Amino acid sequence: MAQQGPNHPLKTSLPETYAAVNAQQPPPSYLYPTQEEQDRYLAGRPGATQQHLEVALQHAQQIQTQKDAEDAILNRILELIDLPSSPTADPATPSQEDTVKLKYSLAPFRPSDYDNLILERNFEDLCGYALCPRKHRKQATGPRGGFQFKYGPKGSGPGGRGRSVDIVSQDRIEKWCSDACAERALWIRVQLSEKPVWERRAGDTRGTTILLLEEARAKRLKAPAATSSVSSVVDDLQSMGLGNRDRSGELALERGDSSLIRPDGRVDVNIRENQRGPQQVAGAPQLRPEDANGGSIEGYVPRERRGADQDGDIDLLDQI
Amino acid sequence: MDGDSAHSMEAEREMTRLWRTFRTVYELLADRGYEVSDNELLLPLEDFRAKYADPLGYPDRTKMKIQARPTENMKMKYTALPTKANPNPQPDCGTIYVDFCPDSSGVGTKQVRAFNHLVDENNFHTGIFITQTPISPSAVRLLSGVPGRICEHFQEQDLLVNITRHELVPKHVLLSPEEKAKLLERYRLKESQLPRIQISDPVARYLGLRRGQVVKIIRKSETAGRYASYRWVI
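So the protein sequences, as listed, match chains A and B.
All residue numbers for the first sequence refer to our numbering, where the first residue is -9 and numbers rise by one.
All residue numbers for the second sequence refer to our numbering, where the first residue is 13 and numbers rise by one.
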C-alpha cells in the first residue's frame, strides 16, 4: 500500500500515517496554511489531531468560497449598474462589448441577485434591463404601491373579442422603461440558475449560457425543423467523444468526482484488512459430554433433561 | 393659505419625528458608553428646530452629523485580556460617526459607498448610517463589508422611540472580558454553554454588541427581587 506514487497519496484513517503522507505532499490550494503553521496550531492543543485540523480547514474553505462568491456577485452588480457604456445605446441592438460583459457577469447570479441588480438600477433612475440606458417609468399620479389596469392588444380578450385587462402593481410597471425592456430583462431572469454558485458542479451549463431575447428569436427563426433520424443521433454521440481517454477527466469533473480544492476527494477512505493470527482460527465445534442431551439453553437446563439427582422435586403439575 | 398651513403642519410633523430619532441616537451613544453631554441628551425641540431646520421648516439632514469619543469605562470594556502573544492589548473601540441620509427614497449602493468612503477617509472606528427607508440588500452587504471598520444601519422609524426604556425590556449590561472570564470561572462554564442572544436582536443592535461578548440581563422578579441571566452574543 505504501508504495503508491505521489499522485495517489495513501488514504488512511491512521493519524500517524496520514500526517506522514501529508508532510511529503503539500496540499495544493493557495488558501492552505503551511505545515509549520498547522504544526504550531496543533502543538497548543493536546486533544486535536491532524485529521481534526483537516476537517476544520475543509469547512473553513467552503465558507470562504461562499463568501468570495458573494463578494464577486456584489462587485458585478456594482459594475452592471454602469451599463450600457454609451448613453445612446439601443437595448434592441446592444453593442457586442456590453453583451459579452453582461453575459459574463451574470454567470454566477441567482434570480434573487438579478432582482437586486434591477432594484439598484432603479435606485439610480435607470431601466431595470442592464443594456438599456433610458430612465425607468414613473407614474406621476397616485401614491406608491398602487395598482393599475393594463390593457392587452385588440382581440386579446375572452373569446377573441375586446381587450384583456390585467391588474398590475405599480412597482412592477415602474421597474422598466417599456414593456419590451421588461420582456428582455425577464427573459434573462428565467435563464439563471436557482442554485448558488458555490454548489454548482463543473458541467452545469444552466446559467452560464445566457441568450438575450433578440439572439434567442434569431436562433429560433434560423433553426431548421428537428430531425431525429438514427444516423444523426449516432453522429451526435460520436461527436461527444465518450470513448476518448482525454475527456474522461473532464467527465469525472462534471460528475463532481473531484474538485479543484481537494483533488483527493472529501473523505479519506481506507480499507484495512483485519489481521488474523494462527491462534485465532476458529475450529469446528466438538461434542462435549454435557451436550449429549441437548445441553442448556443460556444456562437453563430443562427439567426432563436434568439428571437423576433432581428426581425428587419433579413438579407434579408437569405430568398431569 | 390653506395649502400653506398644511405644508407647515407636515414640516412640523417631520421635524418632531426627527427630533425624537435624534434624541434616541444620543441616548444610544450614551448607553454604549460614548462621551455625551447632558445638553445633548436633553435637547429641547425648540433648540433642535432652531439648529437644524431649513428655511421651509423641514429638517435639514445634511447638517445632522454626530461624532463621539468613547469614555474610559467603555475603553476598558472593549480591551481584550492580555495574553502571552499580546501582553498589552489596545481597546477595540474608537470614535463613532452618525450620518443621517437626506434621500427620502431609493437608498442603494451609491449612498452607502459614499458613507463607507467617508468613514474610511476620516478614520472613524464605527459608523452608523440612518436612513428614512429600508436600504437595498446589496447595500446592506456593502455596508457590512468594510474591512477593519464597523458600519451599522438603522431606519429613522426604528429609533423613533428608545426600546430599552420600555418597561418590558430588561436591562442589558455588557460584561468586560475580565468580568466574562470571572463569570465563566465561577460557574465553571465554557462560553458556548451560556444561553445565547442573536447579534440581530433589537437590543443587541442598539448596544452594538459583537460576536463573542457576554451581556448580563437583569430582570425584576416577583419572587427573587432581581434576577440576572447571562447571554453569549452570536
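Note that CB positions come from ideal geometry on N, CA and C, so glycine has one too.
None of these values were measured; they are calculated from a predicted model.
One or two residues paired with residue i in a DSSP bridge
i, result
"B:Val226", "B:Trp244"
"B:Arg231", "B:Tyr239"
"B:Glu164", "B:Ile140"
"A:Asp113", "It is Phe, not Asp, that sits at residue 113 of chain A in the sequence shown. Paired residues: none, contrary to the question."
"B:Val110", "B:Ile78, B:Ile140"
"B:Tyr90", "In the DSSP output, where bridge partners are listed per residue, B:Tyr90 has none listed."
"B:Ala65", "B:Pro71"
"A:Tyr104", "Paired residues: none, contrary to the question."
Three-state secondary structure assigned by DSSP to residue i
i, result
"A:Val291", "coil"
"B:Thr143", "strand"
"B:Pro159", "coil"
"A:Thr199", "coil"
"A:Tyr141", "strand"
"A:Phe99", "coil"
"A:Ile157", "strand"
"B:Leu186", "strand"
"B:Ile209", "strand"
"B:Tyr199", "coil"
"B:Tyr46", "strand"
"A:Pro18", "Since pLDDT at A:Pro18 reaches only 46, below the 50 mark, its modelled position is unreliable, and no value is offered."
"B:Thr95", "coil"
"A:Pro186", "coil"
"A:Thr39", "coil"
"B:Asp104", "coil"
"B:His129", "helix"
"A:Asp72", "coil"
"B:Lys192", "helix"
"B:Val124", "helix"
Interface flag, residue i vs chain B, CB-CB below 9 Å
i, result
"A:Phe113", "yes"
"A:Leu92", "no"
"A:Glu110", "yes"
"A:Leu182", "no"
"A:Leu107", "yes"
"A:Pro17", "For A:Pro17, the predicted structure reports a pLDDT of 45, less than 50, and the residue's modelled location is therefore unreliable. A value from the coordinates is still provided. Not an interface residue."
"A:Arg100", "no"
"A:Gln14", "Low confidence applies here, because A:Gln14 scores a pLDDT of 49, under 50, leaving its location unreliable; read the following figure in that light. No, A:Gln14 lies away from the interface with chain B (no Cβ there is under 9 Å from its Cβ)."
Contact with chain A by residue i, beta-carbon distance below 9 Å
i, result
"B:Gly118", "yes"
"B:Met13", "Reliability fails at B:Met13, whose pLDDT of 49 lies under 50, so the model's placement of it is uncertain and the value that follows must be treated cautiously. Not closer than 9 Å to any Cβ of chain A, the Cβ of B:Met13 fails to qualify, so no."
"B:Lys194", "no"
"B:Ser150", "yes"
"B:Lys122", "yes"
"B:Ser204", "no"
Test: residue i CB closer than 9 Å to a CB of chain D
i, result
"A:Gln160", "You won't find chain D in this structure, because its protein chains are A and B."
Taking Cβ-Cβ distances below 8 Å as the criterion, which residues of the segment 153 to 168 of chain B are in contact with chain A? Cβ contacts with chain A come from Arg153, Leu154, Gly157.
Touch test, the segment 55 to 69 of chain A against the segment 152 to 159 of chain B, Cβ-Cβ under 8 Å, three pairs minimum: Contact between the segment 55 to 69 of chain A and the segment 152 to 159 of chain B is established, with three or more Cβ pairs separated by less than 8 Å.
Which residues, taken in chain order from the segment 55 to 81 of chain A, show a beta carbon closer than 9 Å to some beta carbon of chain B? Taking 9 Å as the Cβ-Cβ cut-off against chain B, the residues of the segment 55 to 81 of chain A that qualify are Glu60, Asp61, Ile63, Leu64, Ile67, Leu68, Ile71.
Within 8 Å of chain A by C-beta, residues of the segment 21 to 53 of chain B in sequence order: The residues in question: there are none.
Could you tell me whether the segment 87 to 99 of chain A touches the segment 137 to 144 of chain A, where touching means 3 or more Cβ pairs closer than 8 Å? Contact between the segment 87 to 99 of chain A and the segment 137 to 144 of chain A is not established, with fewer than three Cβ pairs separated by less than 8 Å.
Using 8 Å as the Cβ pair cut-off and three pairs as the minimum, do the segment 99 to 115 of chain B and the segment 75 to 84 of chain B touch? With the cut-off at 8 Å, the segment 99 to 115 of chain B and the segment 75 to 84 of chain B touch.
Specify whether the segment 211 to 229 of chain B and the segment 175 to 185 of chain B touch according to this definition: at least 3 beta carbon pairs, one from each stretch, less than 8 Å apart. Touching, yes, given that three or more Cβ pairs across the two stretches are closer than 8 Å.
Touch test, the segment 30 to 40 of chain B against the segment 170 to 178 of chain B, Cβ-Cβ under 8 Å, three pairs minimum: Cβ pair count under 8 Å is three or more, so yes.
Can we say the segment 113 to 126 of chain A touches the segment 164 to 172 of chain A, given the rule of at least three CB pairs closer than 8 Å? With contact defined as three or more Cβ pairs closer than 8 Å, the segment 113 to 126 of chain A and the segment 164 to 172 of chain A are in contact.
Any contact between the segment 200 to 211 of chain B and the segment 157 to 164 of chain B? By contact I mean 3 or more CB pairs, one from each, below 8 Å. Result no; under three Cβ-Cβ pairs closer than 8 Å.
Contact between the segment 112 to 130 of chain B and the segment 86 to 101 of chain B is defined here as three or more beta-carbon pairs at a separation below 8 Å; is this criterion met? Two segments are said to touch when three or more pairs of C-beta atoms, one from each, lie closer than 8 Å; by this definition the segment 112 to 130 of chain B does not touch the segment 86 to 101 of chain B.
Touching or not, the segment 108 to 115 of chain A and the segment 115 to 122 of chain B, by the rule of three or more beta carbon pairs under 8 Å? Counting Cβ pairs under 8 Å, three or more are found: they touch.
Is there contact here, the segment 153 to 162 of chain A with the segment 202 to 212 of chain A, by at least three beta-carbon pairs under 8 Å? They do not touch, by the three-pair rule.
Contact the segment 21 to 32 of chain B vs the segment 206 to 214 of chain B: 3+ CB pairs below 8 Å: Cβ pair count under 8 Å is below three, so no.
Would the segment 177 to 185 of chain A and the segment 98 to 109 of chain A be scored as touching if the rule is three or more Cβ pairs under 8 Å? Output reads yes: the segment 98 to 109 of chain A touches the segment 177 to 185 of chain A.
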